[in-house]
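Each step along the sequence shown adds one to the number in my numbering, with nothing skipped, and position 110 is 91. Working notes, structure below.
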Amino acid sequence: MGKSSSYRNHNPKISRNEYHPQKARGKCYYCIGFFLCLLFVSAGIVTFLLYVRVPTITFNAIAPAEQGIAPFALEGTQTIVFNFRLNITVVNPNFLGARFDKIIATGYHPLLPGVKFGNGTLKEVNITQQNSTVLLFPFTLYYGKPMDPDDRVLKDIAGRCGLIPGQDKKPITIEYEIEL
-18 MGKSSSYRNH
-8 NPKISRNEYH
2 PQKARGKCYY
12 CIGFFLCLLF
22 VSAGIVTFLL
32 YVRVPTITFN
42 AIAPAEQGIA
52 PFALEGTQTI
62 VFNFRLNITV
72 VNPNFLGARF
82 DKIIATGYHP
92 LLPGVKFGNG
102 TLKEVNITQQ
112 NSTVLLFPFT
122 LYYGKPMDPD
132 DRVLKDIAGR
142 CGLIPGQDKK
152 PITIEYEIEL
């Protein structure tokens, strides 16, 4: 036993690197390739998140209802229906556009949050990339005695419009849900 070594092979005639040289090289390339792919995917996700910005949505005005639809009507004896369109501008600064098959909006008055006062649906909406898109969103507003038995909503809207003496005009607040 003349040779002493800190590393001992089972077969002293074969060195360490001669066991499976192809397997060792393949694992190294696989590992480097995996980390490069991981790096590129991570860089892509970070770039996407840094450059995607939230579009600006602006309510411009109320526009008349579409041709052939009455601006207001009576439904039964106690409900008034108002038909109009909301003129909305969407400014999309992103390099990606968006397409929606249908957008559904439901409106509620803050004094009676569980009672639906209006709704509307717009089909096939395309928000163009790096551009402004104007939407004319059809909306129907309902008001009736069964929905507001003590006239709280009617008094609130009349006061905000300045129709009640001693009250200044204020914006009308509405709560809404949007389903995309």
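The beta carbon of each residue, even a glycine, is placed where N, CA and C say it ideally should be. Fair warning: this is a prediction, and the values are worked out from it, not measured in the lab.
Between the CA atoms of residue 33 and residue 106 - distance to the nearest angstrom
20 angstroms
Can you give the beta carbon distance from residue 88 to residue 98, rounded, assuming they're within the 8 angstroms contact cut?
5 angstroms
Within the chosen definition, does the segment 125 to 143 reach the segment 64 to 71 through at least 3 CB pairs nearer than 8 angstroms?
no
Among 91, 85 and 145, nearest to residue 103 - alpha-carbon criterion
85
Exposed or buried, what is residue 137 when buried is set at 16 or more other beta-carbons lying within 10 Å of its beta-carbon?
buried
Return the residue from the list 79, 100 and 94 that minimises the CA-CA distance to residue 110.
79
Within the chosen definition, does the segment 117 to 124 reach the segment 44 to 64 through at least 3 CB pairs nearer than 8 angstroms?
yes
Out of curiosity, what's the CA-to-CA distance linking residue 15 and residue 28?
20 angstroms
Using DSSP with H/G/I as helix, E/B as strand and the rest coil, what is residue 138?
helix
What does residue 130 pair with, by DSSP beta-bridge criteria?
Residue 130 pairs with nothing; no bridge assigned.
Ignoring anything shorter than 3 residues or poking outside the segment 64 to 136, list the beta strand (DSSP E) runs there in chain order.
79 to 90, 93 to 108 and 112 to 125
Taking Cβ positions, are residue 161 and residue 134 nearer each other than 9 angstroms?
no
Give me the Cα-Cα distance between residue 155 and residue 143, rounded to the nearest whole angstrom.
17 angstroms
Might you give, ordered along the chain, the residues of its own chain that have their beta carbon closer than 8 angstroms to the beta carbon of residue 12, omitting 5 neighbours on each side?
none
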